[in-house]
Amino acid sequence: MAKKNTNTTPRLNEVFLRGRISHVYGSERGGSLTVPYSVPARKPVRDEEGNVTFVDSANTFFPEALYNQYTVTKEIIQDFSKNDNVIIKGYLGSYATPSGTGYDEHTVLFIDTVEHDHTQMEQLLGVPGFGSRYATPTCEVRVEAKIIGITKRYDTIYELRLECEKDGRTYPVTAMYYRSPRNLENDFHMNDIVYVIGTMESARNEFRGKIYFLQTFVIHEMVKQSDVLAAYNRMRKEQEKAQSAQRERDAAERAKAAAYEEPVTPDEAEATAEEEAVASETEAYETSDSYEETEDIQEADAERTETEGSSANE
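Letter 248 of the sequence shown, counting from 1, is numbered 232 in my numbering, and no numbers are missing.
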């Protein structure tokens, strides 16, 4: 019987951000590091005649990672500055700020640890001071969360509300799922536990002379935990079935090998019995001779003792 995975471990919530710092803001108590990254894209270009062609391009995003009292790495303002190449490990969370209508919620990346990155040559040699090329900037978010809201924007665009956890703290976050499967609401429901792989994208908007910087958690892939557990249990069942079949094959091969051993004929069995009987008689005879010799020696010793005693009396 396949054992079911009850998944009692803490929920997954990991952020990996790598690149060059473009902006540092804040103090030792709290602040943020902006680390941009680019992804390839195909953009439409319209010529003078109105024809549209697609050309290779790139989209650059500026995710902002925040640090606070929960951040493990300390003295970030002193140790890190603009143009430093860094590796940030953290988690997805949110915070709220007061507004005219109540509170505005912001989905953000929080920093657990940050360290200086090494060049590719330094990583190869294990010695600092060599090379100038760094690994490609990237931003990846992996979370295990509970769905607390689903809103359909278009046929393949959904806005999801997710509940994430980190070290006992709960964060409600907002995620956008572009190019999602159609009729997503039929497969995913409230309170479903899901595994999500995504990234943090940003946009710079200008409205009435003011510049607004917005960042959005974008889902790339999402699966339900129930589907994962069902697949896991099926895999375990297939593995146990394969192991059982292998044991049966091994037992059949052993039985087949035993059947091919040469059988003992009646004449050979009779000859073996005669040899064992002769060996037993020989052993018994040798034992009796040894016993008789022992008695003769004892009698001779007794006679010699009597003779010596009579001579002494005379």
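We put the beta carbon where it would ideally sit given N, CA and C, even for glycine.
Under 7 Å Cβ to Cβ from residue i, same chain only, skipping five residues before and after it: list those, please.
i      : result
Tyr87  : Ala80, Thr81
Glu143 : Thr135, Arg137, Thr158, Met160
Tyr21  : Gly3, Phe45, Pro121, Thr122, Cys123
Leu299 : The structure shown does not extend to residue 299, since the chain spans only -15 to 298, so no value can be given for it.
Give me the Cα-Cα distance between residue i and residue j, rounded to the nearest whole angstrom.
i      : j       : result
Asn189 : Tyr196  : 5 Å
Ser116 : Asp176  : 46 Å
Tyr54  : Glu232  : 56 Å
Val23  : Thr122  : 9 Å
Arg166 : Lys136  : 10 Å
Val92  : Glu147  : 13 Å
Gly84  : His90   : 16 Å
Arg13  : Pro(-6) : 28 Å
Glu205 : Leu(-4) : 15 Å
Ala25  : Phe191  : 26 Å
Ile132 : Ile72   : 28 Å
Ala242 : Val207  : 52 Å
Lys130 : Thr154  : 11 Å
Glu32  : Ala187  : 29 Å
Glu237 : Gln230  : 11 Å
Phe94  : Asn217  : 35 Å
Gly152 : Lys240  : 60 Å
Ser331 : Gly74   : Because the chain in this structure spans residues -15 to 298, residue 331 falls outside the shown range and cannot be described.
With residue i as the anchor, note down where its alpha helix (DSSP H) starts and where it stops.
i      : result
Ala226 : 209 to 243
Asp63  : 60 to 63
If I measure Cβ to Cβ from residue i and keep anything under 6 Å in the same chain, skipping five residues before and after, which residues do I get?
i      : result
Tyr275 : For Tyr275, the predicted model reports a pLDDT of 49, less than 50, meaning its position is unreliable; a value from the coordinates is still stated below. For Tyr275, where only same-chain residues beyond five positions count, there are no Cβ hits under 6 Å.
Val36  : Pro28, Arg30
Met105 : Phe114, Gly115
Ile60  : Tyr51
Asn69  : Arg4, Asp101, Tyr118
Tyr162 : Ile141
Glu128 : Arg(-5), Leu(-4), Tyr179
His173 : none
Tell me whether residue i sits in a helix, a strand or coil according to DSSP, three-state version.
i      : result
Glu32  : coil
Met105 : helix
Glu169 : helix
Glu12  : coil
Tyr275 : Caution applies to Tyr275, whose pLDDT of 49 falls short of 50 and renders its modelled position unreliable; the value that the coordinates give is listed next. Three-state DSSP puts Tyr275 in a helix.
Along the chain, where does the beta strand (DSSP E) that runs through residue i open and close?
i      : result
Asp96  : 86 to 100
Ile5   : Premise fails: Ile5 is in no beta strand (DSSP E) and is neither H nor E.
Met184 : 177 to 191
Val111 : Neither: Val111 is in no beta strand (DSSP E) and is coded neither H nor E.
Thr158 : 153 to 161
Leu50  : 48 to 51
Within the same chain, show all residues whose beta-carbon is closer than 8 Å to that of residue i, passing over the 5 residues directly before and after it, in chain order.
i      : result
Phe64  : Ile5, Val8, Leu17, Val70, Val98, His100
Gln209 : Asn(-9), Glu128, Asp176, Ile177, Val178, Tyr179
Pro112 : His102, Glu106
Gly15  : Val8, Tyr9, Leu50, Tyr51, Ile60, Ile61
Asp139 : Arg166
Lys66  : Ile5, Ser6, His7, Val8
Cβ pair count under 8 Å reaching 3, the segment 41 to 51 against the segment 172 to 192:
Judged by Cβ distances under 8 Å, the segment 41 to 51 makes contact with the segment 172 to 192, as three or more pairs qualify.
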